[in-house]
Amino acid sequence: MQTSSTYGPTAKFFHWLVVALLVAQYTIGSIMPHIGRNTQDAGWVHWHLLVGALILLAIVLRFAWRIKSPVPEPAADTNWERMLATFTHWMLYLLVFVITVLGWAAANSRGWEVKLFGLVPLPALCPKGSAWGHEAGDIHNVLIYVLLGFIALHLAGALKHHFIDRNDILKRMLPGSR
Ligand code: HEM
Ligand code: HEM
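For the sequence shown, numbering that gives the first Met the number 0 gives the first residue as 0, with consecutive numbering after it.
Written out as C-alpha cells, the structure reads:
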C-alpha cells in the first residue's frame, strides 16, 4: 500500500520499469543507424519504435496512478531543495511524455507506423513527408540530452540523500522497503 511516507509497490514497479526501458532506449538510439531518407523501419530502428511505444504506455499509466495515489513529500532539508526535487520530478514526467510523442510523429513523417507491442497500430500524428513531423524528429534529438541532464540531477539528488545525508529517501523507492 502507498502511504504518504513511502512509495507503494505499483509506484515502485512503474518507476523502475520506466528506468529499465529508458536505459534500453538510449542504448538502442545510440547504436541504431543514423536515420536518413532511405532508412528502413527494420533492425534496431524497429526496436526503437517498439520500446518507444512501451515507454509512452508506461509513463501514461504511471502518471495516472500518481494522480490517484498519495506520494511522499519530497524530503529535503531546505525549501529550495524541496522545490528543486519537485520541479525535477515534474520535468522527468513531462520530458519523457513529450519526447515519446515527438518520436512517434517523427516516425510517421518517415512513413513508419508505430505499433503498441508490435501489434496494435497507433494513429498517425502526421502524414509521410510532413514538415512538422521532420521538425519533431530534430526536437526529439535535442530533448533526449535535456532529459539526460535531468536524470543526472535526479540521480545526484538520490545519491546525496543516501551517502551524504544518510536518510531513507533512496530506500523508499527500492523494492522491498516499507
Ligand atoms: C524517451 C524515450 C526515447 C529516447 C531516450 C530516445 C532516444 C533516441 C536517440 C538517442 C536517438 C538518436 C538521435 C541521433 O541520432 O542524434 C533517437 C532518434 C529517433 N527516435 Fe527516439 N527515443 C525515445 C523515444 C522514441 C519514440 C517513442 C519513437 C517513436 C515511436 C522514437 C523515434 C525516433 C526516431 C524516428 C528517431 C530519428 C529522428 C530523426 O532524426 O528524424 N523515439 N531517439
Ligand atoms: C538512475 C537511477 C534512479 C534512481 C536511483 C532514482 C531514485 C528515485 C528516488 C529515491 C525517488 C524518490 C524521491 C523522493 O522520495 O522524494 C525517485 C522518484 C522519482 N523518479 Fe527516480 N530514480 C532514478 C531514475 C529515474 C529516471 C530515469 C526517471 C525518469 C523518468 C525517474 C523519475 C522519477 C520520478 C518522476 C519520481 C517522482 C515520483 C513521484 O513522486 O511522482 N527516476 N527516484
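From the three backbone atoms N, C-alpha and C, an ideal C-beta is built for every residue, glycine too.
Taking 8 angstroms as the cut-off, does the CB of residue i come closer than this to any heavy atom belonging to ligand 1?
i: Y25; result: yes
i: G28; result: yes
i: A84; result: no
i: H88; result: no
i: D137; result: yes
i: G51; result: yes
For residue i, count neighbouring C-beta atoms within 10 Å of its own C-beta (all shown protein chains included) and say buried if the count is 16 or more, exposed if not.
i: Q24; result: buried
i: G175; result: exposed
i: V22; result: exposed
By how many angstroms is the C-alpha of residue j removed from the C-alpha of residue i?
i: F96; j: I163; result: 32 angstroms
i: H160; j: Y144; result: 25 angstroms
i: L154; j: E80; result: 14 angstroms
i: W15; j: E134; result: 31 angstroms
i: P122; j: T38; result: 21 angstroms
i: R165; j: A157; result: 10 angstroms
i: S108; j: A57; result: 24 angstroms
Should residue i be listed as close to ligand 2, given that the test is whether its C-beta is under 8 angstroms from any heavy atom?
i: A10; result: yes
i: A157; result: yes
Check the Cβ-Cβ distances between residue i and every residue of chain C, and say whether any is below 9 angstroms.
i: A105; result: This model lacks chain C altogether; it includes just one protein chain.
TODO: Would you list, in sequence order, the uninterrupted alpha helix (DSSP H) runs of no fewer than 4 residues that lie entirely inside the stretch 104 to 172?
DONE: 130 to 158
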